[in-house]
Amino acid sequence: MSELARLAEATLPTALRDVDRLVQGGYLTERRVGRNRMIRANEEHPLYAALKQIVTYGYGPTVVIPDLLRGLPGIDAAYIYGSWAARLDGEPGTDPNDIDLLVVGDVEPSQFYPIALEATKMLGREVSINVISPNRWQRADDGFIKTVQARPLVPLDLGGS
121 MSELARLAEA TLPTALRDVD RLVQGGYLTE RRVGRNRMIR ANEEHPLYAA
171 LKQIVTYGYG PTVVIPDLLR GLPGIDAAYI YGSWAARLDG EPGTDPNDID
221 LLVVGDVEPS QFYPIALEAT KMLGREVSIN VISPNRWQRA DDGFIKTVQA
271 RPLVPLDLGG S
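Going by my numbering, the first residue of the sequence shown is number 121, and it counts up by one from there.
Structure follows, in structure tokens:
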């Protein structure tokens, strides 16, 4: 609970009170292991899917990754593709294990290694970054590009704050 309070920038009594309310409302489940209280989202709650979507949009890759890319020179566009994009597009399936990111631009791919590591740390899932040139992104005969463009793509907003 101390870690939760710290991450939420709340006092410990406030965090405890809020967690108790969420458990009572059925949004969270708890179990005790010794003196530890294990808390997790209740996946059986009728609002679980909607709440998960809100949290994903508010704190997930579509927020975290643009913040890490913003301001880097040479990027024309960035997209999440693969299973994450499919889930965000509403396709059913298992929770993705990783996040596939496509960066389009005249950039040096090696500059994205630290960004991938930081995004992985922040999101708790491996972030794989594929960098391609604007010319390649326009090629209709490129098998990888055809496959990526045929599936859901989530464009990332690299402007603003």
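Positions of the beta carbon are idealized from the N, C-alpha and C atoms, including for glycine.
Straight-line CA distance for Leu221 to Asn250? Here residue 221 corresponds to residue number 101 of the sequence shown, with the count starting at 1. Here residue 250 corresponds to residue number 130 of the sequence shown, with the count starting at 1. Using only the alpha carbons, I get a separation of about 6 Å.
Would the C-beta of Leu243 count as close to the ligand ADP, meaning under 6 Å from any of its heavy atoms?
As for the ligand ADP, it is missing from this structure, which has no ligand bound.
Handout entry: Whole-angstrom distance between Gly279 and Gly194, CA atom to CA atom
Key = Reading the sequence shown from its first residue, position 74 is the one you call residue 194. Reading the sequence shown from its first residue, position 159 is the one you call residue 279. Cα to Cα, the separation comes out at about 13 Å.
In the DSSP assignment, find the unbroken alpha helix (DSSP H) run with Asp187 in it and report its ends. In the sequence shown, residue 187 corresponds to position 67, counting from 1. Here the alpha helix (DSSP H) through Asp187 covers 181–189.
Notebook entry, point to check: In three-state terms, what does DSSP make of Tyr201?
Noted result: Counting from 1 along the sequence shown, the entry for residue 201 is found at position 81. Looking at Tyr201 - three-state DSSP - the assignment turns out to be strand.
Excluding sequence positions up to five away, which residues of its chain have a Cβ less than 8 Å from the Cβ of Pro186? Here residue 186 corresponds to residue number 66 of the sequence shown, with the count starting at 1. The residues are Ala198, Leu276, Asp277, Leu278.
request  = Return helix, strand or coil for Arg256, following the three-state DSSP convention.
outcome  = Along the sequence shown, read from residue 1 onward, the residue named residue 256 stands at position 136. In this structure, Arg256 counts as helix in the three-state DSSP scheme.
Practice task
Specify the secondary structure class of Thr224 as computed by DSSP and reduced to three states.
Solution key: Within the sequence shown, the letter at position 104 stands for residue 224. In the sequence as displayed, the identity of residue 224 is Val instead of Thr. In this structure, Val224 counts as strand in the three-state DSSP scheme.
Exercise. Determine the DSSP secondary structure at Asp196, reduced to helix, strand or coil.
Key: As a working note, residue 196 is residue 76 in the sequence shown. Here Asp196 sits in strand by DSSP.
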